[in-house]
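Line by line, the protein sequences are chains A and B.
Those letters in the first sequence? Residues 1 to 115, per the working numbering, in order.
Those letters in the second sequence? Residues 116 to 228, per the working numbering, in order.
Single-structure report; data block below.
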Amino acid sequence: KAGVTQTPRYLIKTRGQQVTLSCSPISGHRSVSWYQQTPGQGLQFLFEYFSETQRNKGNFPGRFSGRQFSNSRSEMNVSTLELGDSALYLCASSQGLAGAGDTQYFGPGTRLTVL
Amino acid sequence: GEDVEQSLFLSVREGDSSVINCTYTDSSSTYLYWYKQEPGAGLQLLTYIFSNMDMKQDQRLTVLLNKKDKHLSLRIADTQTGDSAIYFCAESTLYNQGGKLIFGQGTELSVKP
């Protein structure tokens with residue numbers, strides 16, 4: 001089975017722009033979660049989607065949004081980019097809801113640099 | 116509150132055992148995980164333990180859970196240079212209508228030949 005894939009792997013944007021990141025979960029997995037990893041804050045939960053519905057959202061501003069499609073693929077969008085948004089964005093998929101005992105498998109991440 | 120703590124660095128000699136420790140605060144966590152991250156890569160699931168277990172062994176990896184003290188450890192036997200990476204402990208917690216993982220800061224394991 002193919003693992004979690006994320007595109008693109010690297011992105012360079014400037015302040016004020018917006019960006020869309022894509023995640024394809026493992027086949028058969030219905031939950032997709034997004035995490036932000038920075039040297040200062042570590043790994044922080046952004047949101048979780050299950051069956052095209054956002055189930056949870058972490059403590060991030062409204063500039064961070066996402067969606068999930070009927071084939072479970074997910075996108076996250078960051079608008080009005082700030083320098084502090086530079087990070088590795090990781091997507092994870094699981095068969096059922098995270099926290100319900102279903103193990104999350106991570107993709108390789110998208111490295112976003114904001115100049 | 117939710118918090119997971121790990122020591123930041125560990126250095127061992129090749130062939131020795133490594134023990135990475137973690138403490139967590141959410142007593143309702145059902146699963147606890149260990150992930151490995153190599154430079155420039157995502158997180159690789161190493162192993163996990165259900166909260167009603169004390170120990171789990173998987174080849175060179177042994178996980179010990181002390182639920183009373185909320186302490187989790189990962190032992191790597193016969194550590195190799197290829198084990199050099201950052202190791203994250205995570206607790207799975209229910210949150211709103213789903214769940215999330217709460218991660219520790221990561222322990223950087225350095226294996227010297």
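Every residue gets a Cβ at the ideal spot worked out from N, C-alpha and C, and that includes glycine.
Exposure label - residue i; buried when at least 16 CB within 10 Å
{"i": "B:P154", "result": "exposed"}
{"i": "B:Q195", "result": "exposed"}
{"i": "A:A87", "result": "buried"}
{"i": "B:H186", "result": "exposed"}
{"i": "A:D85", "result": "buried"}
{"i": "A:L112", "result": "buried"}
{"i": "A:N56", "result": "buried"}
Residue i, DSSP secondary structure in three states
{"i": "A:G109", "result": "coil"}
{"i": "B:L123", "result": "coil"}
{"i": "B:G213", "result": "strand"}
{"i": "B:D198", "result": "helix"}
{"i": "A:G28", "result": "coil"}
{"i": "B:G221", "result": "coil"}
Euclidean distance between Cα positions of residue i and residue j
{"i": "A:R67", "j": "B:N167", "result": "35 Å"}
{"i": "B:A205", "j": "A:T14", "result": "33 Å"}
{"i": "A:L11", "j": "A:W34", "result": "17 Å"}
{"i": "B:K151", "j": "A:S70", "result": "31 Å"}
{"i": "A:E82", "j": "A:T7", "result": "21 Å"}
{"i": "A:G16", "j": "A:E75", "result": "19 Å"}
{"i": "B:I217", "j": "B:S207", "result": "7 Å"}
{"i": "A:Q120", "j": "B:W149", "result": "With chain A covering only 1 through 115, there is no way to say anything about residue 120 of chain A."}
{"i": "B:L209", "j": "B:T177", "result": "26 Å"}
{"i": "A:S72", "j": "A:F47", "result": "14 Å"}
{"i": "B:Y202", "j": "B:D184", "result": "21 Å"}
{"i": "B:Q220", "j": "A:G28", "result": "31 Å"}
Opening and closing residue of the beta strand (DSSP E) in which residue i lies
{"i": "A:A87", "result": "A87 to S94"}
{"i": "A:Q6", "result": "T5 to T7"}
{"i": "A:K57", "result": "T53 to K57"}
{"i": "B:N136", "result": "S133 to Y139"}
Cβ separation of residue i and residue j, assumed to be a contact under 8 Å, to the nearest whole Å
{"i": "B:G197", "j": "A:P108", "result": "Going by Cβ atoms, the distance from B:G197 to A:P108 rounds to 18 Å, so no, they are not a contact pair."}
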